[in-house]
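Asker: Dropping a structure here in structure tokens format, bear with me for questions.
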Amino acid sequence: MSSCLKDTPYIDVSNSQPIIEFGLSPANGVTGPFAYVPDSVGGPSANIDTAVAVVVASPQVLSSTVTVTVKVDTSQISAYNTANGTSFTVLPSNLYTLKTTATVNPGYRVGRLDVVLNMSQFPAHHSYALPLAIVSASTNTGQNLIVSGNSATYMWLFSR
Numbered sequence: 001m002s003s004c005l006k007d008t009p010y011i012d013v014s015n016s017q018p019i020i021e022f023g024l025s026p027a028n029g030v031t032g033p034f035a036y037v038p039d040s041v042g043g044p045s046a047n048i049d050t051a052v053a054v055v056v057a058s059p060q061v062l063s064s065t066v067t068v069t070v071k072v073d074t075s076q077i078s079a080y081n082t083a084n085g086t087s088f089t090v091l092p093s094n095l096y097t098l099k100t101t102a103t104v105n106p107g108y109r110v111g112r113l114d115v116v117l118n119m120s121q122f123p124a125h126h127s128y129a130l131p132l133a134i135v136s137a138s139t140n141t142g143q144n145l146i147v148s149g150n151s152a153t154y155m156w157l158f159s160r
């Protein structure tokens with residue numbers, strides 16, 4: 001019996017280029033549906049400030065600021081509806097405010113993509129989706145990050 005001491009059974013990622021991805025992104029990139037329940041007046045009365053996480057996947061934390069740009073990607077909805085037999089439509093722009101850039105600070109891996117949901121305007125009996133896609137990410141020193149091939153989309157589902 002012999003073995004080679006120079007075998008490397010693990011992949012060396014120490015020199016990998018940083019990748020940007022959504023933090024909570026299952027393989028199909030969908031979270032929800034989240035049910036929103038009206039209060040006694042007929043609907044939620046407040047806006048909800050929330051966020052979606054963007055994550056830098058890299059061997060070490062970066063020493064520079066990362067700016068991530070996202071967009072609403074409606075093509076995800078038809079693919080999801082076809083695959084799941086559902087009828088979600090895009091969340092109308094008056095029902096949310098989306099900041100299309102997020103920042104990951106130096107020394108950190110996670111940034112916040114701020115979203116405000118205008119719950120008082122959500123109509124009764126409708127299913128909406130807010131489909132997001134990462135467009136690009138770069139550091140303030142000019143380094144471009146790789147946009148993840150399998151976690152660069154995220155779709156939030158809302159149903160009432």
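According to full-length UniProt numbering, the stretch in the sequence shown is residues 1 to 160, in order. We treat Cβ as the ideally placed atom computed from N, Cα and C, and that holds for glycine.
Applying the 10 Å Cβ sphere with the 16-neighbour rule, what's the burial state of Q76?
Answerer: It counts as buried.
Asker: Using the C-alpha atoms, what's the distance from L130 back to W156?
Answerer: When rounded, the distance between both Cα atoms is 5 Å.
Asker: Could you tell me the boundaries of the beta strand (DSSP E) in which N47 lies?
Answerer: N47 to A57 is the extent of the beta strand (DSSP E) around N47.
Asker: Give a yes or no on whether the C-beta atoms belonging to S64 and S16 are separated by under 8 Å.
Answerer: The answer is no: Cβ separation not under 8 Å.
Asker: Mind checking P92: buried by the 16 CB within 10 Å criterion, or exposed?
Answerer: Looking at its Cβ environment, which holds fewer than 16 other Cβ atoms inside 10 Å, P92 is exposed.
Asker: Take G23 as the anchor and find which of N84, T89, T139 and A102 has the nearest alpha-carbon.
Answerer: Considering only alpha carbons, the answer is A102.
Asker: At which residues does the alpha helix (DSSP H) containing P84 begin and terminate?
Answerer: The sequence shown places Asn at residue 84, not Pro. Counting along the chain, the alpha helix (DSSP H) containing N84 begins and ends at S75 to N84.
Asker: Quick one: any contact between the region 104-114 and the region 47-58, if contact means 3 or more CB pairs under 8 Å?
Answerer: Yes, the region 104-114 is in contact with the region 47-58.
Asker: Using a Cβ-Cβ cut-off of 7 Å (strictly less than) and excluding sequence neighbours within five positions of T100, which residues of its own chain qualify?
Answerer: Excluding positions up to five away in sequence, the list reads T69, V70 and K71.
Asker: On the three-state DSSP scale, how would you describe S93?
Answerer: Looking at S93 - three-state DSSP - the assignment turns out to be helix.
Asker: Just curious, the beta strand (DSSP E) that M119 is in, first and last residue?
Answerer: Run containing M119: none; DSSP gives neither H nor E here.
Asker: Nearest to H126 by CA position, among A137, R160, L117 and P106, is which residue?
Answerer: Nearest C-alpha to H126: R160.
Asker: From the DSSP output, in three-state form, read off N105 for me.
Answerer: In the structure shown, N105 sits in coil (DSSP, three-state: anything other than H, G, I, E or B).
Asker: According to DSSP, is K99 part of a helix, a strand, or is it coil?
Answerer: Three-state result, K99: coil.
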